[in-house]
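The opening residue of the sequence shown carries number 39 in my numbering; numbering runs sequentially from there. Built from N, CA and C at the ideal position, the CB exists for glycine as well.
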Amino acid sequence: MNNTKDDKILPQEFHFEDTADSVRVKTVVGKDKINQDTLVRHARHFRLGAGTIIKVQVMTKEYDVLLYSADFVIERAVETMKQIIDERGERTANVIDYEIVQDSEWKSYAKVLEPVPVVEEGETERYVPGEAEAKWNPGKKTYEIKIGDEVLATERDKDRAFAIAAGSEPLAA
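Structure representation (structure tokens):
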């Protein structure tokens with residue numbers, strides 16, 4: 039699978055850390071964008087050898103929550119000399135060809151979100167706790183139902199405003 043320009047992983051989105059027995063990659067890109075081709079580019083850059091385990095961890099953008107992880111292993115790393123001919127001329131370079139395979143399935147650490155329950159029409163009413171007060175706002179020509187400085191709702195009808203503030207009537211939906 040070749041990555042298009044839109045699929046390229048930016049260097050700041052792909053962090054390599056050496057550990058005692060493996061290499062850990064922390065990234066914020068989706069696990070669907072991480073594949074053998076992507077890892078080969080980075081393995082070549084860091085000149086990793088055969089047998090190296092690459093532990094890939096997909097994190098949130100703040101790098102504070104682990105979402106997914108999987109292990110990959112470098113099965114083959116063969117260094118060859120290649121002759122390169124381009125607009126800059128002719129030269130030889132050592133190139134490492136890699137074979138990287140996924141060693142474990144993606145494990146999800148993300149919490150499964152519960153489906154939002156369907157709320158019946160009668161259950162949408164919200165009541166204000168009894169410590170609220172209703173005050174007339176002459177500039178807006180409405181009563182403001184407030185707790186401290188926080189305005190919870192406004193109401194034009196005086197009796198309804200005081201009933202809402204007392205907690206005996208629900209807020210307007």
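In the DSSP output, what is residue i paired with across the bridge?
i    : result
L104 : M97
Y147 : DSSP lists no partner for Y147.
P208 : Y165
K120 : A131
N73  : N73 pairs with nothing; no bridge assigned.
I16  : Outside the shown range of the chain (39 to 211) lies residue 16, about which nothing can therefore be said.
I202 : I202 is not bridged to any residue.
T192 : E182
D59  : DSSP output for D59 lists no bridge partner at all.
Just the C-alpha distance for residue i and residue j, rounded to the nearest angstrom, thanks.
i    : j    : result
A203 : Y101 : 44 angstroms
E117 : G89  : 15 angstroms
T65  : Y136 : 21 angstroms
Y106 : I72  : 11 angstroms
D195 : G68  : 53 angstroms
T57  : V63  : 10 angstroms
E113 : L77  : 12 angstroms
V133 : H83  : 10 angstroms
G87  : V111 : 10 angstroms
N175 : H53  : 56 angstroms
E51  : D75  : 16 angstroms
E128 : Q121 : 7 angstroms
V103 : D70  : 18 angstroms
E55  : M119 : 28 angstroms
W144 : T98  : 16 angstroms
E125 : A131 : 16 angstroms
I185 : K178 : 18 angstroms
I123 : H80  : 24 angstroms
R85  : V96  : 22 angstroms
T197 : E207 : Checking the sequence shown, residue 197 turns out to be Asp, not Thr. Cα to Cα, the separation comes out at about 10 angstroms.
What distance in whole Å lies between the Cβ atoms of residue j and residue i, which are believed to be in contact at a cut-off of 8 angstroms?
i    : j    : result
D109 : S142 : 4 angstroms
V139 : I92  : That belief does not hold up - the Cβ atoms of V139 and I92 are roughly 10 angstroms apart, past 8 angstroms.
G205 : Y165 : 5 angstroms
Between residue i and the rest of its own chain, which residues show a CB-CB distance below 7 angstroms, the 5 nearest in sequence each way excluded?
i    : result
T180 : T192, E193 and R194
L151 : Residue confidence is low: L151 scores 49 on pLDDT, short of 50, so the model does not pin down where it sits. No coordinate-derived value is stated.
Closer than 8 angstroms by C-beta to residue i: which residues in its own chain qualify, once you throw out the five before and the five after it? Chain order, please.
i    : result
I183 : V166, A170, E171, A172, V189, L190, A191, T192, E193, A199, I202, A203 and L209
Measure from the C-beta of residue i to each C-beta in chain C and report whether the shortest distance is under 8 angstroms.
i    : result
I123 : In the structure shown, chain C cannot be found, because there is only a single protein chain.
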